[in-house]
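Working notes for the structure below.
In my numbering, the protein residues as written are 106 to 356.
And the structure:
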(Lines of atoms letter the chains of each structure in order from A and count residues from 1; the text may use other names and numbers.)
(Lines give C-alpha, C1' and ligand atoms only; values in the text may rest on other atoms or scores of the structure.)
Protein backbone atom coordinates (compact mmCIF):
# COMPACT_ATOMS: atom_id res chain seq x y z
CA UNK A 1 0.00 0.00 0.00
CA UNK A 2 2.84 2.35 0.90
CA UNK A 3 4.46 1.53 -2.42
CA UNK A 4 1.28 2.48 -4.30
CA UNK A 5 1.15 5.84 -2.51
CA UNK A 6 4.80 6.44 -3.30
CA UNK A 7 4.26 5.65 -6.98
CA UNK A 8 1.22 7.94 -7.05
CA UNK A 9 3.18 10.80 -5.46
CA UNK A 10 6.05 10.39 -7.90
CA UNK A 11 3.64 10.28 -10.85
CA UNK A 12 1.90 13.48 -9.73
CA UNK A 13 5.23 15.24 -9.30
CA UNK A 14 6.46 14.15 -12.73
CA UNK A 15 3.21 15.31 -14.38
CA UNK A 16 3.44 18.63 -12.54
CA UNK A 17 6.97 19.20 -13.82
CA UNK A 18 6.03 18.22 -17.38
CA UNK A 19 3.12 20.69 -17.32
CA UNK A 20 5.34 23.39 -15.86
CA UNK A 21 7.97 22.77 -18.53
CA UNK A 22 5.36 22.92 -21.30
CA UNK A 23 3.94 26.18 -19.96
CA UNK A 24 7.44 27.59 -19.75
CA UNK A 25 8.07 26.74 -23.40
CA UNK A 26 4.85 28.50 -24.40
CA UNK A 27 5.79 31.65 -22.52
CA UNK A 28 9.21 31.65 -24.16
CA UNK A 29 7.75 31.86 -27.66
CA UNK A 30 8.71 35.05 -29.44
CA UNK A 31 5.90 37.23 -30.70
CA UNK A 32 5.40 38.04 -34.36
CA UNK A 33 2.87 40.52 -35.71
CA UNK A 34 0.98 39.59 -38.87
CA UNK A 35 -0.60 42.27 -41.06
CA UNK A 36 -3.11 40.77 -43.47
CA UNK A 37 -6.30 41.67 -45.31
CA UNK A 38 -6.79 38.16 -46.69
CA UNK A 39 -8.28 35.48 -44.42
CA UNK A 40 -6.84 32.59 -46.44
CA UNK A 41 -3.29 33.94 -46.43
CA UNK A 42 -3.59 34.78 -42.74
CA UNK A 43 -4.70 31.24 -41.90
CA UNK A 44 -1.81 29.72 -43.88
CA UNK A 45 0.78 31.91 -42.16
CA UNK A 46 -0.65 31.17 -38.72
CA UNK A 47 -0.52 27.43 -39.39
CA UNK A 48 3.07 27.79 -40.56
CA UNK A 49 4.33 29.75 -37.56
CA UNK A 50 2.16 28.94 -34.54
CA UNK A 51 4.16 25.97 -33.32
CA UNK A 52 7.27 28.14 -32.92
CA UNK A 53 6.00 31.71 -32.50
CA UNK A 54 3.17 33.47 -30.74
CA UNK A 55 1.28 34.90 -33.70
CA UNK A 56 -0.57 38.17 -33.11
CA UNK A 57 -2.86 39.52 -35.83
CA UNK A 58 -2.82 43.30 -36.28
CA UNK A 59 -6.28 44.73 -35.63
CA UNK A 60 -5.66 48.43 -36.18
CA UNK A 61 -5.04 49.23 -32.53
CA UNK A 62 -1.89 50.92 -31.21
CA UNK A 63 1.04 48.49 -31.08
CA UNK A 64 4.30 48.55 -29.12
CA UNK A 65 6.80 47.21 -31.64
CA UNK A 66 9.29 46.41 -28.87
CA UNK A 67 7.18 43.36 -28.04
CA UNK A 68 7.58 41.77 -31.47
CA UNK A 69 10.42 39.86 -33.04
CA UNK A 70 9.23 40.39 -36.62
CA UNK A 71 6.46 41.89 -38.72
CA UNK A 72 4.92 39.77 -41.48
CA UNK A 73 2.93 41.33 -44.33
CA UNK A 74 0.95 38.68 -46.21
CA UNK A 75 -0.34 40.91 -49.00
CA UNK A 76 0.63 44.29 -50.42
CA UNK A 77 -1.53 46.12 -52.96
CA UNK A 78 -0.14 48.35 -55.69
CA UNK A 79 -1.19 51.51 -53.86
CA UNK A 80 0.48 50.35 -50.66
CA UNK A 81 3.69 49.34 -52.43
CA UNK A 82 4.04 52.60 -54.36
CA UNK A 83 3.18 54.72 -51.32
CA UNK A 84 5.75 53.08 -49.06
CA UNK A 85 8.38 53.24 -51.79
CA UNK A 86 7.87 57.01 -51.75
CA UNK A 87 7.85 57.16 -47.95
CA UNK A 88 4.11 57.82 -47.73
CA UNK A 89 1.50 56.11 -45.54
CA UNK A 90 -2.15 55.71 -46.53
CA UNK A 91 -3.41 53.92 -43.43
CA UNK A 92 -2.45 52.67 -39.98
CA UNK A 93 -1.00 49.39 -41.19
CA UNK A 94 1.36 51.18 -43.59
CA UNK A 95 2.33 53.60 -40.83
CA UNK A 96 3.18 50.61 -38.65
CA UNK A 97 5.28 48.97 -41.38
CA UNK A 98 7.23 52.17 -41.98
CA UNK A 99 7.74 52.65 -38.24
CA UNK A 100 9.02 49.07 -37.98
CA UNK A 101 11.53 49.71 -40.77
CA UNK A 102 12.68 52.90 -39.04
CA UNK A 103 13.26 50.92 -35.85
CA UNK A 104 15.22 48.21 -37.61
CA UNK A 105 12.62 45.48 -37.15
CA UNK A 106 12.57 42.62 -39.61
CA UNK A 107 9.65 43.15 -41.95
CA UNK A 108 8.84 40.17 -44.16
CA UNK A 109 6.61 40.65 -47.21
CA UNK A 110 5.27 37.52 -48.88
CA UNK A 111 6.14 37.49 -52.56
CA UNK A 112 2.89 35.72 -53.45
CA UNK A 113 0.89 38.57 -51.92
CA UNK A 114 2.48 41.44 -53.88
CA UNK A 115 -0.29 42.52 -56.24
CA UNK A 116 1.66 43.74 -59.28
CA UNK A 117 3.47 40.41 -59.61
CA UNK A 118 0.22 38.74 -60.64
CA UNK A 119 0.34 40.65 -63.94
CA UNK A 120 3.84 39.62 -65.03
CA UNK A 121 2.63 38.01 -68.27
CA UNK A 122 0.07 40.66 -69.23
CA UNK A 123 1.22 44.04 -67.96
CA UNK A 124 2.72 46.83 -69.99
CA UNK A 125 6.47 46.40 -69.65
CA UNK A 126 7.23 49.96 -68.57
CA UNK A 127 4.49 49.90 -65.93
CA UNK A 128 5.61 46.53 -64.63
CA UNK A 129 9.20 47.76 -64.44
CA UNK A 130 8.05 50.78 -62.44
CA UNK A 131 6.46 48.60 -59.77
CA UNK A 132 9.47 46.32 -59.76
CA UNK A 133 11.52 49.40 -58.89
CA UNK A 134 9.10 50.18 -56.07
CA UNK A 135 9.64 46.67 -54.75
CA UNK A 136 13.39 47.10 -54.88
CA UNK A 137 12.98 50.45 -53.14
CA UNK A 138 11.26 48.98 -50.09
CA UNK A 139 13.89 46.23 -50.08
CA UNK A 140 16.52 48.95 -49.84
CA UNK A 141 14.65 50.26 -46.77
CA UNK A 142 15.08 46.86 -45.13
CA UNK A 143 11.94 44.94 -46.14
CA UNK A 144 12.62 41.27 -46.84
CA UNK A 145 10.72 39.81 -49.81
CA UNK A 146 10.30 36.07 -49.35
CA UNK A 147 8.25 33.16 -50.65
CA UNK A 148 5.79 31.79 -48.12
CA UNK A 149 7.47 28.38 -48.16
CA UNK A 150 10.79 30.01 -47.20
CA UNK A 151 9.37 32.33 -44.52
CA UNK A 152 10.09 30.19 -41.47
CA UNK A 153 13.63 29.39 -42.59
CA UNK A 154 14.33 33.06 -43.30
CA UNK A 155 13.05 34.04 -39.86
CA UNK A 156 15.22 31.42 -38.19
CA UNK A 157 18.50 32.33 -39.88
CA UNK A 158 17.87 36.09 -40.04
CA UNK A 159 18.89 38.48 -42.80
CA UNK A 160 22.45 38.16 -44.01
CA UNK A 161 24.42 41.44 -44.21
CA UNK A 162 25.58 40.69 -47.74
CA UNK A 163 21.98 39.98 -48.74
CA UNK A 164 20.96 43.40 -47.45
CA UNK A 165 23.72 44.98 -49.53
CA UNK A 166 22.48 43.19 -52.62
CA UNK A 167 18.92 44.33 -51.89
CA UNK A 168 20.12 47.94 -51.86
CA UNK A 169 21.95 47.43 -55.15
CA UNK A 170 18.77 45.97 -56.60
CA UNK A 171 17.17 49.41 -56.93
CA UNK A 172 19.98 50.79 -59.08
CA UNK A 173 20.20 47.70 -61.25
CA UNK A 174 16.44 47.43 -61.75
CA UNK A 175 16.19 51.11 -62.60
CA UNK A 176 18.76 50.71 -65.33
CA UNK A 177 16.83 47.78 -66.84
CA UNK A 178 14.19 50.07 -68.35
CA UNK A 179 16.69 52.02 -70.44
CA UNK A 180 19.34 49.44 -71.18
CA UNK A 181 17.50 46.91 -73.32
CA UNK A 182 18.55 48.50 -76.61
CA UNK A 183 21.78 50.05 -75.39
CA UNK A 184 25.29 48.67 -75.41
CA UNK A 185 26.42 48.23 -71.77
CA UNK A 186 29.28 50.44 -70.67
CA UNK A 187 30.90 47.51 -68.95
CA UNK A 188 30.65 44.16 -70.69
CA UNK A 189 30.08 40.98 -68.74
CA UNK A 190 32.98 38.63 -68.29
CA UNK A 191 31.83 35.40 -69.85
CA UNK A 192 33.89 32.31 -69.22
CA UNK A 193 33.45 29.51 -71.75
CA UNK A 194 31.39 32.20 -73.49
CA UNK A 195 29.34 30.25 -76.03
CA UNK A 196 29.81 26.52 -75.94
CA UNK A 197 28.51 24.04 -78.47
CA UNK A 198 25.37 23.48 -76.41
CA UNK A 199 24.84 27.22 -75.88
CA UNK A 200 25.68 27.58 -72.19
CA UNK A 201 27.08 30.85 -70.87
CA UNK A 202 28.68 31.39 -67.48
CA UNK A 203 28.43 34.72 -65.65
CA UNK A 204 31.20 34.49 -63.10
CA UNK A 205 31.94 38.06 -62.02
CA UNK A 206 28.49 39.37 -61.08
CA UNK A 207 26.55 38.69 -57.92
CA UNK A 208 23.43 40.65 -58.88
CA UNK A 209 21.86 39.42 -62.12
CA UNK A 210 19.29 41.68 -63.79
CA UNK A 211 16.71 41.13 -66.50
CA UNK A 212 18.89 43.17 -68.86
CA UNK A 213 21.78 40.72 -68.39
CA UNK A 214 19.59 37.75 -69.26
CA UNK A 215 17.77 39.48 -72.11
CA UNK A 216 21.06 40.24 -73.91
CA UNK A 217 22.00 36.56 -73.73
CA UNK A 218 18.52 35.40 -74.74
CA UNK A 219 18.56 37.65 -77.83
CA UNK A 220 21.75 35.85 -78.87
CA UNK A 221 20.08 32.46 -78.59
CA UNK A 222 21.35 31.55 -75.12
CA UNK A 223 18.81 29.63 -73.04
CA UNK A 224 21.07 28.12 -70.38
CA UNK A 225 23.18 30.17 -67.98
CA UNK A 226 25.62 29.18 -65.23
CA UNK A 227 25.71 31.49 -62.19
CA UNK A 228 27.82 31.50 -59.06
CA UNK A 229 26.03 29.97 -56.07
CA UNK A 230 25.58 33.28 -54.25
CA UNK A 231 24.28 35.17 -57.27
CA UNK A 232 21.02 37.05 -56.66
CA UNK A 233 18.34 37.42 -59.32
CA UNK A 234 16.28 40.63 -59.32
CA UNK A 235 12.48 40.24 -59.42
CA UNK A 236 12.41 41.16 -63.12
CA UNK A 237 15.14 38.62 -63.85
CA UNK A 238 13.15 35.89 -62.10
CA UNK A 239 10.07 36.72 -64.16
CA UNK A 240 12.12 36.75 -67.39
CA UNK A 241 13.51 33.29 -66.59
CA UNK A 242 10.03 31.90 -65.92
CA UNK A 243 8.37 33.47 -68.96
CA UNK A 244 11.13 32.46 -71.39
CA UNK A 245 11.87 29.11 -69.72
CA UNK A 246 15.57 29.72 -69.28
CA UNK A 247 17.65 27.11 -67.49
CA UNK A 248 19.76 28.48 -64.62
CA UNK A 249 22.55 26.41 -63.08
CA UNK A 250 24.31 27.26 -59.83
CA UNK A 251 28.01 26.35 -60.08
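Note that the Cβ used here is the ideal one computed from N, Cα and C, for glycine as well. Bear in mind that the values here come from a model prediction, so they are computed numbers and not experimental data.
* **Outcome for residue 318 when other beta-carbon atoms lying within 10 angstroms are tallied against a minimum of 16** => In the chain shown, the residue the question calls residue 318 occupies position 213. Its Cβ being crowded by 16 or more others within 10 Å, residue 318 is buried.
* Report, in whole angstroms, the separation of the C-beta atoms of residue 212 and residue 202, which I expect to be a contact under 8 Å. => Locating residue 212 in the chain shown gives position 107, counting from the first residue. Locating residue 202 in the chain shown gives position 97, counting from the first residue. That pair is a contact at about 6 Å.
* To do: Answer yes or no: do residue 322 and residue 353 have a C-beta to C-beta separation smaller than 8 Å?
  => Walking along the chain shown from the start, residue 322 turns up at place 217. Walking along the chain shown from the start, residue 353 turns up at place 248. No, the pair does not count as a contact, with Cβ atoms beyond the cut-off.
* Asked: Using the C-alpha atoms, what's the distance from residue 184 back to residue 343?
  -> For this step, residue 343 is matched to residue 238 along the chain shown. For this step, residue 184 is matched to residue 79 along the chain shown. For residue 343 and residue 184, the gap between their C-alpha atoms comes out near 23 Å.
* Asked: So the alpha helix (DSSP H) residue 183 belongs to, where does it begin and stop?
  -> Sequence index remark: in the chain shown, residue 183 carries index 78 (1-based). Segment 183-190, the alpha helix (DSSP H) holding residue 183.
* To do: Find out if the Cβ-Cβ distance for the pair residue 190, residue 242 is shorter than 8 Å.
  => Position 85 of the chain shown, counted from the first residue, corresponds to residue 190. Position 137 of the chain shown, counted from the first residue, corresponds to residue 242. In this structure, residue 242 lies closer than 8 Å to residue 190 by Cβ.
* Asked: Looking at the unbroken alpha helix (DSSP H) that takes in residue 346, where does it start and where does it end?
  -> Counted from its first residue, the chain shown places residue 346 at position 241. That run of the alpha helix (DSSP H) goes 340-349.
* Asked: Does the separation of the CB atoms of residue 200 and residue 170 fall below 8 Å?
  -> In the chain shown, residue 200 corresponds to position 95, counting from 1. In the chain shown, residue 170 corresponds to position 65, counting from 1. Contact flag unset, no.
* Asked: Quick one: what does DSSP say residue 155 is sitting in, helix, strand or coil?
  -> Position 50 of the chain shown holds residue 155. Three-state DSSP puts residue 155 in coil, outside helix and strand.
* Just the Cα atoms here: how many angstroms apart are residue 155 and residue 179? -> Walking along the chain shown from the start, residue 155 turns up at place 50. Walking along the chain shown from the start, residue 179 turns up at place 74. In this model, residue 155 and residue 179 are separated by some 15 Å (Cα to Cα).
* Asked: DSSP three-state call for residue 175: helix, strand or coil?
  -> Numbered from its first residue, the chain shown carries residue 175 at position 70. Of the three classes helix, strand and coil, the one that applies to residue 175 here is strand, per DSSP.
* Quick one: complete beta strand (DSSP E) runs, 3+ long, within the region 198-228? -> 211-215
* What number of angstroms, rounded off, separates the C-alpha of residue 338 from the C-alpha of residue 312? -> Within the chain shown, the letter at position 233 stands for residue 338. Within the chain shown, the letter at position 207 stands for residue 312. Whole-angstrom Cα-Cα distance: 8 Å.
* Would you identify the three-state DSSP class for residue 332, choosing helix, strand or coil? => What you label residue 332 is simply residue 227 of the chain shown in a count that begins at 1. Residue 332 falls in the strand class under three-state DSSP.
* Please report how far the alpha carbon of residue 167 lies from the alpha carbon of residue 316, in whole angstroms. => As a first step, residue 167 must be located in the chain shown, where it is residue number 62. As a first step, residue 316 must be located in the chain shown, where it is residue number 211. Distance between the alpha carbons of residue 167 and residue 316 is about 41 Å.
* For residue 210, which of 195, 249, 228 has the nearest alpha-carbon? -> Within the chain shown, residue 210 is the residue found at index 105, counting from 1. Residue 210 has its Cα closest to that of 249, out of 195, 249, 228.
* Asked: When the Cα atoms are used, what is the spatial distance from residue 324 to residue 330?
  -> Looking up residue 324 in the chain shown gives position 219. Looking up residue 330 in the chain shown gives position 225. Cα to Cα, the separation comes out at about 13 Å.
* When burial is assigned at 16 or more other CB atoms within 10 Å of the CB, is residue 244 buried or exposed? -> Walking along the chain shown from the start, residue 244 turns up at place 139. Per the 10 Å Cβ criterion, buried.
* residue 276 in three-state terms, based on DSSP -> Your numbering for residue 276 matches position 171 in the chain shown. Its pLDDT being 46, under 50, residue 276 is placed unreliably by the model, and the measurement read from it follows with that caveat. Helix, per DSSP.
* To do: Look at the alpha carbon of residue 238 and the alpha carbon of residue 119, and state the distance between them as a whole number of angstroms.
  => The sequence position of residue 238 within the chain shown is 133, counting from 1. The sequence position of residue 119 within the chain shown is 14, counting from 1. So the two alpha carbons sit approximately 58 Å from each other.
* Asked: Out of curiosity, what's the CA-to-CA distance linking residue 142 and residue 254?
  -> Mapped onto the chain shown, residue 142 falls at position 37. Mapped onto the chain shown, residue 254 falls at position 149. Rounded to the nearest angstrom, the two C-alpha atoms are 19 Å apart.
* Asked: Near residue 355, what residues of its chain come up, given a Cβ to Cβ distance below 7 Å and the 5 sequence neighbours on each side ignored?
  -> Residue mapping note: residue 355 aligns to position 250 of the chain shown, counting from 1. Around residue 355: 332, 334.
* C-beta atoms of residue 236 and residue 246 nearer than 8 Å -> Taking the chain shown and counting its residues from 1, one reaches residue 236 at position 131. Taking the chain shown and counting its residues from 1, one reaches residue 246 at position 141. Contact: no.
* Among residues of its own chain, excluding the 5 on either side of residue 206, which ones have a beta-carbon nearer than 7 Å to its beta-carbon? -> Translated into positions along the chain shown, residue 206 becomes position 101. Contacts found: 212, 246, 247, 248.
* So, helix, strand or coil for residue 312, using DSSP? -> In the chain shown, the residue the question calls residue 312 occupies position 207. Here residue 312 sits in coil by DSSP.
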